[in-house]
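Undergrad: Please find one structure pasted underneath; my questions will follow.
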Amino acid sequence: MNFIQIEFIAFFAVVFTAYWTLRERRLQNALLIVASAIFYGWVHPWFLVLLYVSAAVDYFGGLGIEKYPRHKGWVLAATLTANLGLLGYYKYCDFFLVNVAAALDALGVANSVGPLGVLLPAGISFYTFQSMAYSIDVYRGELKPRRNLLEYMLAVSFFCHLVAGPVQRASNLLMQAETDRRLDWAMVRSGLALALWGAFKKMVSADTVAPYVDKIYALDAPSGPMVWAATLGFTVQILADFSGYTDIARGTARMLGWELMENFKNPYLATSPSDFWRRWHISFSTWIRDYLYITFGGSRGGFWRATLATSAAMLISGLWHGASWNFVLWGAYHALLLVGYRLATPLIPTTVRKSTGGHVAAVGLMFGFTVFGWLLFRETDVARIFRLLHLNPFAATPDEWVATVVMLAAVAFTAAPLVIGLLVERFVLPRLATSAWYLPLQTTVWAAFVVCFYVFVRMDAVEFLYFQF
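Numbering follows our numbering, in which position 452 of the sequence shown is assigned residue number 480; successive positions increment by one, without gaps.
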């Protein structure tokens, strides 16, 4: 089920009403488990089998780690193997077979190797990583294994974050599953506002600019200006789409008395690659840091150890996003940025770095690097990536310049709400929070959002970009 489908509105209205009608936590949890199963299995019910198998592996793995402390390493290895085996088969099996066939063809070896056409279950990367984190935390002694299977299953399968995150830590959701929740209309109002803003970003910004981006990237021979204008459009699209999903997830969860972690903090205002990853997809980047980067040695072994840890973590991060070489290239690019900035930053005088001009320049430079990276992310054909990079960014025919201007106009139109939203959040809301005008203005904005939804709605719901990961 998609957050912006009319079916979801009806679904959530029923869940919300029934949920707060129930007073006992166990009944609320049971309702949410059933609701999550309906939400996730709406189109493909068999997806639920994989979800529950993955969750059960880590649930019993956590109990095994506690029961057999002398063999906890083997138990953890078994849980990781099971989870990564499922993820590997459903996400990377066809990718592996296609590359094996290509390698054999290059060697002149006749073969009949081909993809199996494995259907990728929605959100498998998200819930697999979250479930594995539970076993790892129990293994490290940072979390006590849970015995209440109902509460554990709810923490893993809670529909608000299930398909595309945020990638929650098991301890956070387990504590909320184990805590009584009471209806709080302030939280409901706050959650509704956040969910509506997320839907606005998705439907009005992301889905409006997306067709323009798709048209240009689908061309056989676009000009350089068109490609970079479309990449700028994708820069807007992916932020509005993914942060919009997260806001809906956090908003609907908050309306049910749950709090999911913040996943975006104005990433395009980052001053460096490390700052970007502290702002972009925060739940995932912190997962990569805590479970991969630190495991690989982090910064404990000096520059070269940190470089190797960074490279390995970012390559895995890139591959996590999709079974395609362009994602590996994108991960390698970000690893190069992180290492390059680590080398270059000490060479810049502190006075320059701390000055207003230096800060603005750093934001502009990092934004440029980010846009370049999104081209690697958006174009899945590596050979075509290099062809696009060889295009003259200033050469185009008159018709191509017209298309470029139209693309840039679409970018400006769809980026404007995001900029206005940032300004309102920073400078207007703090002053209005205690004003008598706050509630009337808030409900008026909600009404304006609903009008926009009606104007910009599509006949077929456009899937969120990160559903494919």
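Glycine is no exception: its CB is placed at the ideal position from the N, C-alpha and C atoms.
Here the structure is a predicted model, which means the values were calculated and not measured.
Among R306, R454, A223, which has the Cα closest to the Cα of I37?
TA: Translated into positions along the sequence shown, residue 37 becomes position 9. Cα-wise, what sits closest to I37 is A223.
Undergrad: Output the distance between the C-alpha atoms of F262 and W429, rounded to the nearest integer angstrom.
TA: By 1-based counting over the sequence shown, the position of residue 262 is 234. By 1-based counting over the sequence shown, the position of residue 429 is 401. Between the alpha carbons of F262 and W429 lies a distance of about 18 Å.
Undergrad: Measure the Cβ-Cβ separation of P301 and L366 and say whether it is below 7 Å.
TA: In the sequence shown, residue 301 corresponds to position 273, counting from 1. In the sequence shown, residue 366 corresponds to position 338, counting from 1. A contact, by the Cβ cut-off of 7 Å.
Undergrad: Taking the Cβ atom as the reference point for each residue, do F477 and D269 lie within a distance shorter than 7 Å?
TA: As a working mapping, residue 477 is identified with position 449 in the sequence shown. As a working mapping, residue 269 is identified with position 241 in the sequence shown. Result no, Cβ atoms of F477 and D269 do not sit closer than 7 Å.
Undergrad: Please return the same chain residues whose Cβ sits closer than 7 Å to the Cβ of W305, not counting the five positions on each side in sequence.
TA: Here residue 305 refers to the residue found at position 277 of the sequence shown. Around W305: S313.
Undergrad: Going straight from the alpha carbon of Y482 to that of A298, what length do you get?
TA: As a working mapping, residue 482 is identified with position 454 in the sequence shown. As a working mapping, residue 298 is identified with position 270 in the sequence shown. Distance from the CA of Y482 to the CA of A298, rounded to the nearest whole angstrom, comes to 34 Å.
Undergrad: Excluding five sequence neighbours on each side, which residues of the same chain lie with their C-beta closer than 7 Å to the C-beta of V141?
TA: For the purposes of this step, residue 141 is taken as the residue at position 113 of the sequence shown. Counting only Cβ-Cβ distances below 7 Å, and skipping sequence neighbours, we find L125, V128, A129, L132.
Undergrad: From the DSSP output, in three-state form, read off P143 for me.
TA: Locating residue 143 in the sequence shown gives position 115, where the first residue counts as 1. The answer is coil: DSSP assigns P143 none of H, G, I, E or B.
Undergrad: Of the choices S185, L135, P149, whose alpha-carbon is the least far from that of A84?
TA: Counting from 1 along the sequence shown, the entry for residue 84 is found at position 56. Of the residues S185, L135, P149, the one whose Cα lies closest to the Cα of A84 is S185.
Undergrad: Within 10 Å of its beta-carbon, does V241 have 16 or more other beta-carbons around it, so buried, or fewer, so exposed?
TA: Translated into positions along the sequence shown, residue 241 becomes position 213. Residue environment: V241 is assigned as buried (16 or more neighbouring CB atoms within 10 Å of its CB, all protein chains considered).
Undergrad: Which parts of the stretch 165-194 are runs of the alpha helix (DSSP H), unbroken and 4 residues or longer, counting only runs that do not cross its ends?
TA: Complete alpha helix (DSSP H) runs here, min 4: 177-185, 187-190.
Undergrad: Measuring CA to CA, which of Y118, M160, L416 is closest to L147?
TA: Mapped onto the sequence shown, residue 147 falls at position 119. The residue with the shortest Cα to Cα distance from L147 is Y118.
Undergrad: Note the first and the last residue of the continuous alpha helix (DSSP H) segment covering A214.
TA: Here the question's residue 214 lines up with position 186 in the sequence shown. Its alpha helix (DSSP H) spans residues 213-228.
Undergrad: Using a 10 Å radius around the Cβ and a threshold of 16 neighbouring Cβ atoms, would you call H362 buried or exposed?
TA: Your numbering for residue 362 matches position 334 in the sequence shown. Its Cβ being crowded by 16 or more others within 10 Å, H362 is buried.
Undergrad: Using DSSP with H/G/I as helix, E/B as strand and the rest coil, what is M289?
TA: Within the sequence shown, the letter at position 261 stands for residue 289. The three-state secondary structure of M289, taken from DSSP, is coil.
Undergrad: For L114, which of helix, strand or coil comes out of DSSP?
TA: Indexing the sequence shown from 1 puts residue 114 at position 86. In the structure shown, L114 sits in a helix (DSSP, three-state: H, G or I).
Undergrad: Look at the Cβ atom of L108, then the Cβ atom of V255, and state whether they are nearer than 7 Å.
TA: Reading the sequence shown from its first residue, position 80 is the one you call residue 108. Reading the sequence shown from its first residue, position 227 is the one you call residue 255. Their beta carbons are not under 7 Å apart, which means L108 does not touch V255 by this criterion.
Undergrad: For M29, name the three-state secondary structure that DSSP assigns.
TA: Working through the sequence shown from its first residue, we reach residue 29 at position 1. Note: M29 maps to coil in three-state DSSP.
Undergrad: Just the C-alpha distance for V354 and V42, rounded to the nearest angstrom, thanks.
TA: For the purposes of this step, residue 354 is identified with residue 326 of the sequence shown, where counting begins at 1. For the purposes of this step, residue 42 is identified with residue 14 of the sequence shown, where counting begins at 1. Looking at the sequence itself, residue 354 is Asn, so the reference to Val does not match. Cα to Cα, N354 sits roughly 42 Å from V42.
Undergrad: Might you give, ordered along the chain, the residues of its own chain that have their beta carbon closer than 7 Å to the beta carbon of L404, omitting 5 neighbours on each side?
TA: Here residue 404 is taken as the residue at index 376 of the sequence shown, counted from 1. For L404, where only same-chain residues beyond five positions count, the Cβ hits under 7 Å are N354, L357, W358, Y361, I413.
Undergrad: Could you name the residues of the same chain whose beta carbon sits closer than 7 Å to that of K172, not counting the 5 residues immediately before and after it, in chain order?
TA: Translated into the one-based positions of the sequence shown, residue 172 becomes position 144. So the list is empty, once near-sequence residues are dropped.
Undergrad: When DSSP labels each residue in this structure, what does Q196 get in the three-state scheme?
TA: Here the question's residue 196 lines up with position 168 in the sequence shown. Of the three classes helix, strand and coil, the one that applies to Q196 here is coil, per DSSP.
Undergrad: Measure how close the beta-carbons of F187 and F67 come, nearest whole angstrom, since I'm counting them as under 8 Å.
TA: Along the sequence shown, read from residue 1 onward, the residue named residue 187 stands at position 159. Along the sequence shown, read from residue 1 onward, the residue named residue 67 stands at position 39. Indeed, because the Cβ distance is near 4 Å, the residues count as touching under 8 Å.
Undergrad: How about S345 and I316: are their beta carbons less than 7 Å apart?
TA: Position 317 of the sequence shown, counted from the first residue, corresponds to residue 345. Position 288 of the sequence shown, counted from the first residue, corresponds to residue 316. Going by C-beta atoms, S345 is nearer than 7 Å to I316.
Undergrad: Roughly how many angstroms separate the alpha carbons of P250 and V399, rounded to a whole number?
TA: For the purposes of this step, residue 250 is identified with residue 222 of the sequence shown, where counting begins at 1. For the purposes of this step, residue 399 is identified with residue 371 of the sequence shown, where counting begins at 1. Computed Cα separation, rounded: 18 Å.
Undergrad: Please list, in chain order, all residues of the same chain as W557 whose beta carbon is under 7 Å from its beta carbon, the five residues on each side excluded.
TA: Lying outside 29 to 497, the shown extent of the chain, residue 557 is not represented and no answer is given.
Undergrad: Can you have a look at P295 and say buried or exposed, based on whether 16 or more other CB atoms are within 10 angstroms of its CB?
TA: Indexing the sequence shown from 1 puts residue 295 at position 267. P295 is buried by the Cβ-count criterion.
Undergrad: Taking G193 as the reference, which of R174, Y180, T236, G272 has the closest Cα?
TA: The residue you call residue 193 lines up with position 165 of the sequence shown. When each option's Cα is compared against that of G193, the closest is G272.
Undergrad: Alpha carbon to alpha carbon, how far is F331 from H349?
TA: Counted from its first residue, the sequence shown places residue 331 at position 303. Counted from its first residue, the sequence shown places residue 349 at position 321. Each residue's alpha carbon lies about 27 Å from the other.
Undergrad: Counting Cβ pairs, one atom from each stretch, are 3 or more of them under 8 Å apart for the stretch 457-465 and the stretch 193-206?
TA: With a cut-off of 8 Å, the stretch 193-206 and the stretch 457-465 do not count as touching, because too few Cβ pairs lie within range.
Undergrad: Sorted by chain position, which residues of the same chain lie with C-beta nearer than 7 Å to P143's C-beta, five sequence neighbours on each side aside?
TA: Within the sequence shown, numbered from 1, the residue matching residue 143 stands at position 115. Answer for P143: D122, L125, V126, listed in chain order.
Undergrad: For A464, does the three-state DSSP call read helix, strand or coil?
TA: On the sequence shown, residue 464 is found 436 positions in, with the first residue counted as 1. Note: A464 maps to coil in three-state DSSP.
Undergrad: Alpha carbon to alpha carbon, how far is E407 from Y245?
TA: Here the question's residue 407 lines up with position 379 in the sequence shown. Here the question's residue 245 lines up with position 217 in the sequence shown. So the alpha carbons of these two residues sit roughly 8 Å apart.
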